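Presented below is the structure to which this report refers.
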Amino acid sequence: MKPLRLGVLGSGKGSNFVALVEAIRQGEVPAEIVLVASDRKEAALLEHARELKLPVHVCRRGTFRTKLEPEIEKELAEALVSAGAELVVLAGYMRVLKEPLLGKFPGRILNIHPSLLPSFPGLRAWEQALQARVIQTGCTVHWVNETVDGGAIIRQAKVPVKAGDTAESLHARIQEAEHRLLPEVVRELATGKIPWAEDPRKDGGRWKD
Ligand code: GRF
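Each residue of the sequence shown is one higher than the one before, counting from 110 in the numbering used here.
Right under this line is the structure:
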């Protein structure tokens, strides 16, 4: 089977990226990583990528904090296209995507989020879960559209909230689940077990069937 060509975007430590790399190396996911990109040149994710001799792209520094300037996002989208990425995986990428990327990869960008969406979208979802005193939270892999954490849900994993949990202990438990869920979804997309979103921006971000 021809490996699925992945572009990975992240802003932070890159533990989900590492889990994906490991699953590919073990032969569990028929994919190859063709580009690792970050909006933060100091992201540990980039160090991991360089150690692995994977091609990297670092976005130019802009003035906005929550999104990239259209020109900078266009360069990123073009780098992903030139690398031949078929699927873009947001693994801890902290900026909101806009038209330059969404337009180049319609229905081909997924994100992992540390809660059972639609509960607790946005930042520090594990803290939101603790504050809401839920007994269960989890993680979600979903298609990306222009609504933050609002695209069609692909798959979720549940994680219990335990008595005495701190933000750190709960986040760590959610991350363990993420490290299983993300490679599993990429494997099932690569092998055709999960249908691809035709264009998740249509029909309010829901599947068209
Ligand atoms: C993950 O918890 C993911 O759900 C969220 O950002 C975090 C990234 O962690 N979107 P890492 O950089 O993969 O360790």
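Cβ atoms here follow ideal geometry from the backbone N, Cα and C, with glycine treated the same way.
The structure presented is a predicted model; accordingly, all values stated were derived computationally and were not measured.
Out of the options, point me to the one whose CA is closest to residue i's CA.
i: Pro209; options: Pro179, Pro223 and Asp274; result: Pro179
i: Val227; options: His280, Leu239, Pro292 and Thr256; result: This sequence places Pro at residue 227; Val is not what is there. Among His280, Leu239, Pro292 and Thr256, the Cα nearest to that of Pro227 belongs to Thr256.
i: Met110; options: Ser120, Val138 and Leu129; result: Val138
i: Gly116; options: Ala286, Ala281 and Val198; result: Val198
When you compare only the Cα positions, how much space is there between residue i and residue j?
i: Arg169; j: Leu155; result: 14 Å
i: Lys183; j: Leu189; result: 10 Å
i: Asp312; j: Gly123; result: Caution is warranted here: a pLDDT of 48 is assigned to Asp312, below 50, making its placement in the model unreliable, and no coordinate value can be reported.
i: Leu113; j: Val205; result: 25 Å
i: Val295; j: Ala140; result: 8 Å
i: Asp148; j: Ala158; result: 14 Å
i: Arg289; j: Gly119; result: 18 Å
Going by DSSP, name the residue or residues bridged to residue i.
i: Glu287; result: Note: Glu287 sits in no beta bridge, so no partner.
i: Pro141; result: Just to set this straight, residue 141 is Glu in the shown sequence, not Pro. Per DSSP, Arg114.
i: Gly260; result: DSSP, once it has assigned bridges, lists no residue as partnering Gly260.
i: Gly136; result: DSSP lists no partner for Gly136.
i: Ala153; result: Per DSSP, none; premise fails for Ala153.
i: Ala146; result: Leu118 and His166
How many whole angstroms separate the CB atoms of residue i and residue j, which I take to be in contact at a CB cut-off of 8 Å?
i: Asn125; j: Ala200; result: 4 Å
i: Ala261; j: Ala194; result: Not really, about 20 Å apart at Cβ, beyond 8 Å.
i: Lys271; j: Gln245; result: Not confirmed; about 10 Å, so no contact.
i: Ala128; j: Leu291; result: 6 Å
i: Val321; j: Leu177; result: With the chain represented from 110 up to 318, any question about residue 321 goes unanswered, as that position is not in the structure.
i: Val165; j: Ala146; result: 7 Å
Restricting to runs no shorter than 4 residues, where is the alpha helix (DSSP H) found entirely within the stretch 197-224? 208-213
Which whole runs of the alpha helix (DSSP H) in the stretch 157-197 are 4 residues long or more, in chain order? 179-192
Which full runs of the alpha helix (DSSP H) of 4+ residues lie inside the stretch 230-283, going along the chain? 234-240
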